[in-house]
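Enquirer: In the numbering used here, the protein residues as written are 16 to 256.
A virtual CB, placed ideally from N, CA and C, is assigned to each residue, including glycine.
No experiment lies behind these values; they were computed from the predicted model shown.
Sharing a structure, written as structure tokens. Questions coming.
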């Protein structure tokens, strides 16, 4: 695996990773030599090396009025990281207490674009025991294209049932006919209730997608809001029986 990529995954910036590797290779070296090796300008090089010192990834000393920098031994970095993880683990009950207090409040996440929409759908597959939805069937196939059948396949494999209310159309009637084989129950609303979007409910979360002008989505995590949405859905579901 590329060493620079490993360092960036560790949390270093591009320049920090380049300079750590250059200094590691040179041993103790002046800013001039490190700058020449890394091809990063001297002033920037000095600033980034000082940042590495603050992170405990480098050290420095002066010799004849010239400052030399050395990269920290990778073994020491690993050891220090392991110590930090142990400290974090010991404090985990306190972090969880704070997190639990926060989670009692509704949280809202905003997404843009088709790829982020797929992330939400994957989240649903990981968490849902049942999915409730309201949408236009044509929109799903038009917007998501080849991904939607893949999502369907994963949902069936995980045995996650879905109840969905679709605006009446040829595609919606097709989904209804395929319902039993695809763990789906469908009820149709009259076609004059025109809309372009998608609402999905699962667990304690509600996702609202818009498709008309741009693809955006809101994910709301709130048990109370989720209950309200499910109550409205179930009322519509029963009314369309």
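Go through its chain and collect everything with a Cβ distance to residue 257's Cβ below 8 Å, but skip five positions before and after it.
Expert: No information on residue 257 is available, as it lies outside the stretch 16 to 256 that the chain covers here.
Enquirer: Quick one, which of 186, 45 and 131 has its alpha-carbon nearest residue 79's?
Expert: Of the candidates 186, 45 and 131, the one whose C-alpha sits nearest the C-alpha of residue 79 is 45.
Enquirer: Quick one: which unbroken alpha helix (DSSP H) runs of 4-plus residues sit fully inside the region 158-240? Chain order, please.
Expert: Runs found: 162-172 and 185-192.
Enquirer: What does a CB cutoff of less than 6 Å around residue 126 pick up in its chain, not counting 5 residues either side in sequence?
Expert: Same-chain partners within the cutoff: 232.
Enquirer: In angstroms, rounded to a whole number, what distance separates the CA positions of residue 34 and residue 73?
Expert: About 10 Å.
Enquirer: Can you tell me which of the three DSSP states residue 77 falls into?
Expert: If DSSP states are grouped into helix, strand and coil, residue 77 belongs with the strands.
Enquirer: Anyone know if the C-beta pair for residue 186 and residue 153 falls short of 8 Å?
Expert: Yes; because the gap between Cβ atoms is below 8 Å, this pair is in contact.
Enquirer: Which class does residue 27 belong to by DSSP, given the choice of helix, strand or coil?
Expert: Looking at residue 27 - three-state DSSP - the assignment turns out to be coil, as it is neither helix nor strand.
Enquirer: State the DSSP-derived secondary structure class of residue 55, mapped to helix, strand or coil.
Expert: DSSP places residue 55 in coil when its eight states are reduced to three.
Enquirer: So the candidates are 221, 249 and 250; which of them puts its Cα closest to the Cα of residue 238?
Expert: Residue 238 has its Cα closest to that of 221, out of 221, 249 and 250.
Enquirer: CA-CA distance, residue 206 and residue 250?
Expert: Those two C-alpha atoms are separated by around 19 Å.
Enquirer: Suppose the cutoff is 6 Å on Cβ atoms and the five residues either side in sequence are ignored; what does the same chain contact list for residue 217 look like?
Expert: Contacts found: 139, 143 and 146.
Enquirer: Residue range of the beta strand (DSSP E) that residue 127 falls in?
Expert: Taken as a continuous stretch (DSSP letters only), the beta strand (DSSP E) holding residue 127 covers 122-127.
Enquirer: Residue 235 and residue 121 - do their beta-carbons sit closer together than 8 Å?
Expert: Closer than 8 Å, so yes.
Enquirer: Name the DSSP beta bridge partners of residue 148, please?
Expert: In the DSSP output, where bridge partners are listed per residue, residue 148 has 179 and 215.
Enquirer: Are the beta-carbon atoms belonging to residue 18 and residue 36 less than 8 Å from one another?
Expert: Closer than 8 Å, so yes.
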